[in-house]
Each structure stands twice: as structure tokens, then as C-alpha cells.
Amino acid sequence: MSVVDHNAIELGPRISEAEVGDYIALLKPRVMSLVIFTALVGLVIAPGHVHPVLAFTSILCIAVGAGASGALNMAYEGDIDALMSRTANRPIPRGRITRGEATAFGMTLAFFSVMTLGILVNWVAGALLAFTIFFYAVIYTMWLKRWTAQNIVIGGLAGALPPVIGWAAATGSTPLNAWLLCAIIFMWTPPHFWALSLYTSGDYAKAGVPMMPVVKGAKSTRLQILVYSLILAPLGYLPVLTGLGGLIYAGVAAGGGALFVLLAVRLFRSKAGDSDSAGDGVLYGPKADAKPARDLFAVSILYLFALFAALLVEHGLKGVL
């Protein structure tokens, strides 16, 4: 497998033609939305009361920090993005924004989000946000993603930390229940992204990214998805046993976990990824044999959202009843 030279591809003019929408795209809004939601849940369900202004400031800083991570990620991965049909329309490959501009934008957002959170809220949350940005931009993007097929497994920590940051913003501490939320997202990340990579593996191979299907093959990837799913389902139910989740959460975790495992078994028994199932790299239009991977990918998003939404609803009901 060839490795892409980071400087081998010219990515547009030296003077950018950026518009506001291009800078918004650098923030990875879809990824940011999940970060905001899970951080909000961590902040809201943490014990005690947070002043609304501080709560808003915390979520805003976490959102801006997530956007900074996205911008720094795109700045470094412009060469990879240019080779993948799924990402070729991002601002840097299109020449709308230069790598230098994206880096400066990301660093500025990172600095102000961390400092604002630390000064106005508390430094436990600020330090966690700084670590998350560093881990995603440096450990995952610059090192793990191009080096090992375990990139998603280890790098998933960055995406798993927002509820801990939210909890820390509310209380200044990070107890077991906060880390349990982190563990759920951490174990959810590999089956979620590997399901996607099963029908976009052609893109990753072309860009020289050692994703699991490219390095170990589709069959091994399907097995590992199943193993992680079998661990994730009971882990997702654990907040019921620690008292964090109630009856609503128990029902969502049990039903959602069972569906997740069933789809993982279906995927394991399929031939998803055995051929070039990604077609022309269309994200939601893979060939028929990749349908089990697409279905698990889609349901995994709903599963995680439902778990955290259940915690939010239960907390709201406690305040009403």
C-alpha cells in the first residue's frame, strides 16, 4: 500500500477565494453537532445547578473547540481529501481555502475556546478541551490515521470526551459516570466508522489510508465490528446499574443494543466490503452487497443519539415531577 506524500499534491491557488460557507465547512458541522449534543447531555445530567450563562458559554466553547479540531484536521489532510471522492469537494481540495489559512483559523479557534472555557468556567473543563483538540489534531490526524489500522480505535477517544468536558464544566470534576459516557462513545466509534469504511474502502485505499478493510480485509473488519458490538450493547446498559439511567434509558439501551447486535451479526454473515462496494464513492449509495454495512452505519447514529436523548429526557422529567 502506498503512502501519500503530504506535500505531493498542489491544492489550489495560493490566494484563496473563501466565502463564509467555506469556513463553516472547515468546522465539520455534522461532527460538531454530535459533539455539542453529547457535551450538553454531560453538562445537564451532572449533579448540581449551572448558571444558564455559564452553561451556554461552556457549550459554545466546546463547539468552537470541536470546530477548531475539524479545521486543523482538514488543513493537514488536504492531500488525502483531494484523492477521495467523498471528500474532494471540501474547501481545501477545491482551492477555496489554503492550508495555511485553515491552520491559522483552527489555531485561533482552539486558543480562544480553551482560554474562554478555562477562565470563565473552570480549568478542569478547559484542560480537557485542550487535550481533546490536541489529541484529534495531532495524535489522530498527524500520526495514527496514516500509520495504523487502529487509528479509529485509539483516535476515538477525542470524539468520546465531550460529555466528560460538559460534566466537568458543570461540576469541576470527572466522576465515574462521566467516564462511563465516554466509554460508551469510545466503544461505539469502531463499529460505526468501520461499517462506513466497508463501503468506502476504495477511497481509503486510493488515498493510502490504512483503514481496517484496506489493511486486514473486509472479513476481518466484519468480525471486529461484531466483537465491538457485543461489548458495546452491555456497556450501553451499564448506566442503569450505576443509577445514571432510569427506566426510559433501560428500555432504549436494551432495545437499541439488541438491534445493534442483530445488525452486526447480519453484517458479519454478509459479503459487505468483499468487492468494490462503494461504487463511485457515493456515501449513501453503495452497491447492494454493502447494504448491511450501510444499515449498521445509519442505525449506529440513531442508537447513540437515542441513548443520550433518553438520559436528557429522564433528567428533564426529574425536574418536572
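If you're matching positions, the sequence shown starts at 9 in this note's numbering and goes up one per residue. Where a beta carbon is used, it is the ideal one built from N, C-alpha and C, also for glycine. Computed from a predicted structure; not experimentally measured.
Review point. Taking only runs of the beta strand (DSSP E) that begin and end inside the stretch 23-84, which ones reach a length of at least 3 residues, in chain order?
Key: Counting only runs of 3 or more, we get nothing.
Exercise for review: Mind the definition here: the stretch 153-170 touches the stretch 126-145 only if three or more C-beta pairs lie below 8 Å; say whether that holds.
Suggested key: yes
Point to revise | the stretch 151-162 in contact with the stretch 27-45 per 3-pair CB rule at 8 Å | key: no
**Study point:** CA-to-CA distance, P300 to S228, given in whole angstroms
**Key:** 15 Å
Practice item. Take A330 and list the residues in its own chain whose beta-carbon comes closer than 6 Å to its own, dropping the five residues that flank it on each side. Key: Any answer about residue 330 is impossible in this case: the structure gives the chain only from 9 up to 329.
Review point. Does Y144 come within less than 8 Å of chain C when only Cβ atoms are used?
Key: Here chain C cannot be found, since the structure has a single protein chain.
Exercise for review: On a CA-only basis, which of L252, F139, Y257, W196 is nearest I233? Give me that one, please.
Suggested key: W196
Practice item. Report buried or exposed for S308, applying the criterion of at least 16 other Cβ atoms within 10 angstroms of its Cβ. Key: buried
**Study point:** Under 8 Å between C-beta atoms of Y236 and A261
**Key:** no
Check your understanding: Near Y148, what residues of its chain come up, given a Cβ to Cβ distance below 7 Å and the 5 sequence neighbours on each side ignored?
Key -> N159, G163, A166
Check your understanding: Relative to the C-alpha of P101, which residue among L204, L243, L34, V129 is closest?
Key -> L34
Exercise for review: Evaluate L48 with the Cβ neighbour count: other Cβ atoms within 10 Å of its Cβ, from every protein chain shown; 16 or more gives buried, anything less gives exposed.
Suggested key: Counting of Cβ neighbours within 10 angstroms places L48 among the buried residues, the total reaching 16 or more.
**Study point:** the stretch 179-193 touching the stretch 265-277, judged by at least three CB pairs closer than 8 Å
**Key:** no
Review point. If you run the structure through DSSP and keep just helix, strand and coil, what is A176?
Key: helix
Practice item. Using a threshold of 8 Å, state whether the C-beta atoms of Y84 and M150 are closer than that. Key: yes
**Study point:** Pairwise C-alpha distance: P218 and L91
**Key:** 14 Å
Exercise for review: Please determine if the stretch 53-68 and the stretch 99-117 are in contact, where contact requires at least 3 C-beta pairs separated by less than 8 Å.
Suggested key: The stretch 53-68 is not in contact with the stretch 99-117.
Check your understanding: Roughly how many angstroms lie between the CA atoms of R22 and T111, to the nearest whole one?
Key -> Reliability fails at R22, whose pLDDT of 48 lies under 50, so the model's placement of it is uncertain and no value is given.
Point to revise | Simplified DSSP assignment, three categories, for I127 | key: helix
Review point. When the Cα atoms are used, what is the spatial distance from W131 to L42?
Key: Straight across, the Cα-Cα distance linking W131 with L42 is about 23 Å.
Check your understanding: With DSSP run on the structure shown, which of helix, strand or coil describes D282?
Key -> coil
Exercise for review: Could you pull the start and end residues of the alpha helix (DSSP H) that R98 belongs to?
Suggested key: Element bounds for R98: n/a, residue is neither H nor E.
Review point. Can you name the start and end residues of the alpha helix (DSSP H) that C146 belongs to?
Key: Before going further, note that residue 146 is Val rather than Cys in the sequence given. That residue, V146, is in no alpha helix (DSSP H); it is neither H nor E in DSSP.
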